[in-house]
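In what follows, a structure is listed as structure tokens, so that the remarks can point back to it.
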Amino acid sequence: MSYFLSYCKAHGSSLLTGYQALRTEGFLCDVTLEAEGSEFPAHRSLLACSSDYFRALFKSHTQESRAHVIHLHVPSATGLQRLLDFIYTAWLPLSMDTVEDTLEAASYLQVTEALGLCGHYLERQLAPENCCFTANVAARFGLARTLGAAERCIVRHMRELLLMGAGPSGLLELNPVSMKVVLGAPDVARVAEMRLLGLALAWLRQEPATQRLAHSSTLLGCIRFGLVPTGVLRRVYSGSGLTLPTRIKGLIIQALNYHTAPSRQPLLQGEQTSIRSPQTRILLAGGLRARETVTEEIVVLPEVVRNRRPAPEPEEEEEEEMEKEWELTQDVVSFDVYNHSWRSLTRLPAPLLGHSVCTTGNFLFVLGGESLSGSPSSSLAGGPRSVTALVHRYDPRFHTWTEVPAMREARAYFWCGVVGDSLLAVGGLGSCGEALASVEMYDLRRDRWMAAGELPRPLHGHAGAVGDHGVVYISGGKAGRGEGGTSSLRDMYSLSPGERAWSKRAPMGTARYGHYLAVLRGAVFAFLGRYEPFSEIERYDPSTDQWTRLRSLPYDRFCYGLAVVEETVLLLGGLKWRDSRQVPTRNVVGYDLDLDRWEDIGCVLPWAWSGLRCAVLQLAEGGEETREGEPEEALDLQRSPLTFVIIVLYCNFYLR
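Okay, so the sequence shown: first residue is 2 according to my numbering, each after it adds one.
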């Protein structure tokens with residue numbers, strides 16, 4: 002005998018249609034629900050199938066379980082009506098005006114499917130103007146997924162919400178759990194920490210005094226006080242009008258100590274001093290730029306880059322038809338290598354060429370170089386220049402430059418790097434144009450430069466890198482005065498931690514000057530410099546003391562900038578030889594370590610640029626536009642002066 006099981010999809014909807022018809026006719030209704038004086042006839046069987054509350058109620062042996070009229074004191078009549086419509090039809094009418102009543106009824110009567118639909122609706126309606134309301138509703142009714150979505154929306158639009166005003170945006174009415182999540186979010190973008198502190202203080206002020214102290218520790222503990230200016234910290238500590246928990250006072254004192262020890266700040270980094278929403282950027286600083294392309298600001302947006310035709314192959318680059326007039330530049334530009342966008346970030350304290358840069362603790366150090374010694378109004382490259390010993394440090398947290406102690410000797414065309422808690426400056430050209438063998442070290446803890454031995458011979462135009470275990474490598478360069486004189490060298494030296502004497506290593510296969518070294522996966526890579534006709538690349542293995550020749554760059558390049566991002570070596574800008582002339586090249590090429598291959602990444606520098614130095618830094622998202630230490634709303638000042646005044650007054654009010 003055969004057996005066949007059939008299924009009818011329409012049966013369920015037909016059953017509900019039948020129940021709805023019975024409800025409309027008032028036929029076989031065996032219970033009446035009452036809320037706010039309104040009565041709603043219903044069927045016990047359908048209520049028990051749809052609601053855990055009614056299922057439990059009707060199974061119990063209480064007087065209410067047998068009652069013909071059940072009085073419901075929590076749901077509103079509107080919410081109960083909509084929920085019964087859903088139970089009988091599977092359709093749930095929702096709007097932002099009624100969703101709270103519907104959720105209240107669904108939550109009280111434990112209609113799980115209705116709760117899910119309400120949560121999904123709130124997520125689809127999320128916008129800056131309702132995200133705080135949604136977070137409060139989701140927190141009240143236990144909609145975890147919706148709550149998370151609302152909190153992410155608040156974080157994403159925090160700048161916009163603060164511009165609306167903390168009151169109108171709903172931030173001051175935000176529930177304490179969500180406020181903690183928002184204030185502690187690592188990806189709040191384009192909002193100064195001082196603004197978040199002002200928001201936290203404003204929220205606490207309108208809390209009942211009995212709950213304020215408990216919430217103070219939770220909320221203020223999310224603030225990164227190291228990113229708040231000193232003056233604001235002092236006002237909060239002594240004049241906020243709030244009773245601060247001991248833990249928060251300790252964090253503020255720790256931040257004040259951080260601000261009063263600028264030389265040690267790179268060594269004191271932690272969550273309290275880390276910028277939110279950090280983005281990896283390559284910084285291009287100083288050098289020479291073509292004079293006819295001078296602009297106040299360069300902004301190349303990603304969508305423009307994507308719509309631009311691909312950059313030509315290097316060997317097909319159009320030759321410059323006119324001889325360029327170069328000038329020393331103070332420009333510091335950030336490059337988003339992922340989106341191919343350029344933004345003006347800041348300016349060096351003075352135009353520089355032949356300088357060195359390094360980073361530690363997410364600070365940029367700019368050391369030495371040649372600066373203009375003639376009229377400050379003229380920055381032409383051919384003007385008189387002098388070698389400087391000055392050192393400046395850039396802090397992306399506050400967009401500020403700080404002058405740190407100058408080096409013991411003026412240097413240009415030298416190498417500097419970070420070794421442990423110190424900066425190391427090696428060789429270079431001195432103030433009289435002589436090659437230097439001296440090495441000096443800047444102790445960040447003691448804020449002073451000290452002699453650190455000498456190279457085996459005077460060098461300038463050499464390259465350096467810090468390898469595994471803190472070993473310093475120096476290669477190539479020249480020993481004579483200026484660019485002329487002696488030939489480029491192949492020598493390679495190393496200095497291990499704790500040693501004073503340099504060790505000679507296997508020489509490079511190619512003599513190099515004005516080149517770069519980079520350390521990747523424990524190996525040292527040498528990239529081409531000036532006067533290298535074959536553009537050869539080499540890799541040094543410290544364990545075997547041997548060099549290996551790699552794929553050559555398909556064209557020459559020198560006076561470029563080099564940066565390493567995620568094990569990809571990038572060469573930016575510089576010069577090349579064309580018909581016995583030096584001409585600029587504005588493209589960016591990358592070296593794939595795994596494939597031993599070079600490729601043009603498809604973007605060009607904002608102007609012809611040579612002699613630049615590059616470093617990798619973490620900047621706050623939008624930090625190239627919104628700068629700490631300046632009014633955050635500076636970008637909106639011309640569009641809406643009134644908005645700027647209102648926001649500044651708002652923040653100052655809550656910090657009084």
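C-beta atoms are modelled at their ideal positions from N, C-alpha and C, and glycine is treated no differently.
Return the CA-CA distance between residue i and residue j, expressed in angstroms with no decimal places.
| i | j | result |
| --- | --- | --- |
| residue 59 | residue 105 | 21 Å |
| residue 473 | residue 127 | 54 Å |
| residue 356 | residue 445 | 20 Å |
| residue 562 | residue 528 | 11 Å |
| residue 508 | residue 539 | 11 Å |
| residue 592 | residue 93 | 58 Å |
| residue 205 | residue 250 | 16 Å |
| residue 120 | residue 139 | 7 Å |
| residue 132 | residue 16 | 38 Å |
| residue 371 | residue 582 | 24 Å |
| residue 469 | residue 458 | 24 Å |
| residue 586 | residue 537 | 18 Å |
| residue 544 | residue 524 | 9 Å |
| residue 464 | residue 437 | 14 Å |
| residue 171 | residue 137 | 10 Å |
| residue 229 | residue 391 | 28 Å |
| residue 555 | residue 292 | 28 Å |
| residue 400 | residue 194 | 13 Å |
| residue 313 | residue 606 | Model confidence at residue 313 stands at a pLDDT of 40, short of 50, so the residue's coordinates are unreliable; what they give is reported in the following sentence. So the two alpha carbons sit approximately 14 Å from each other. |
| residue 174 | residue 78 | 26 Å |
| residue 594 | residue 619 | 23 Å |
| residue 223 | residue 403 | 28 Å |
Is DSSP giving residue i helix, strand or coil here?
| i | result |
| --- | --- |
| residue 588 | strand |
| residue 396 | strand |
| residue 40 | strand |
| residue 121 | helix |
| residue 427 | strand |
| residue 1 | The shown model of the chain, from 2 to 657, leaves out residue 1, and the question about it has no answer. |
| residue 88 | helix |
| residue 335 | strand |
| residue 364 | strand |
| residue 270 | coil |
| residue 1 | Lying outside 2 to 657, the shown extent of the chain, residue 1 is not represented and no answer is given. |
| residue 330 | coil |
| residue 18 | helix |
| residue 4 | coil |
| residue 597 | coil |
| residue 190 | coil |
| residue 285 | strand |
| residue 227 | helix |
| residue 9 | coil |
| residue 255 | helix |
| residue 433 | coil |
| residue 245 | coil |
From the DSSP secondary-structure annotation, give me the bridge partner or partners of residue i.
| i | result |
| --- | --- |
| residue 71 | 34 |
| residue 671 | Because the chain in this structure spans residues 2 to 657, residue 671 falls outside the shown range and cannot be described. |
| residue 250 | BP columns for residue 250 are empty, so no partner. |
| residue 668 | Only positions 2 to 657 of the chain appear in this structure, which leaves residue 668 out of reach. |
| residue 404 | 393 |
| residue 347 | 333 |
| residue 605 | 588 |
| residue 291 | 327 |
| residue 116 | Paired residues: none, contrary to the question. |
Tell me which residue opens and which closes the alpha helix (DSSP H) that residue i is part of.
| i | result |
| --- | --- |
| residue 204 | 194 to 206 |
| residue 464 | Unbroken run through residue 464 is the beta strand (DSSP E), 464 to 467; no alpha helix (DSSP H). |
| residue 138 | 132 to 142 |
| residue 164 | 159 to 165 |
| residue 180 | 177 to 185 |
| residue 212 | 210 to 221 |
| residue 110 | 100 to 110 |
| residue 444 | No alpha helix (DSSP H) holds residue 444; the beta strand (DSSP E) holding it covers 436 to 444. |
| residue 231 | 231 to 240 |
| residue 66 | No alpha helix (DSSP H) contains residue 66, which DSSP labels as neither H nor E. |
| residue 618 | No alpha helix (DSSP H) holds residue 618; the beta strand (DSSP E) holding it covers 614 to 621. |
| residue 56 | 53 to 60 |
Mind checking which residues open and close the beta strand (DSSP E) that includes residue i?
| i | result |
| --- | --- |
| residue 459 | 449 to 460 |
| residue 277 | Per DSSP, residue 277 belongs to no beta strand (DSSP E) and is neither H nor E. |
| residue 473 | 473 to 476 |
Compute the minimum distance between the beta carbon of residue i and the heavy atoms of the ligand SAH, and state whether it is under 7 Å.
| i | result |
| --- | --- |
| residue 572 | Among the ligands in the structure shown, none appear at all, so the ligand SAH cannot be discussed. |
Would residue i count as contacting chain C if we go by Cβ distances under 8 Å?
| i | result |
| --- | --- |
| residue 548 | Any reference to chain C falls outside this structure, which holds one protein chain only. |
Alpha helix (DSSP H) runs wholly inside the region 509 to 565, at least 4 long, in chain order: none
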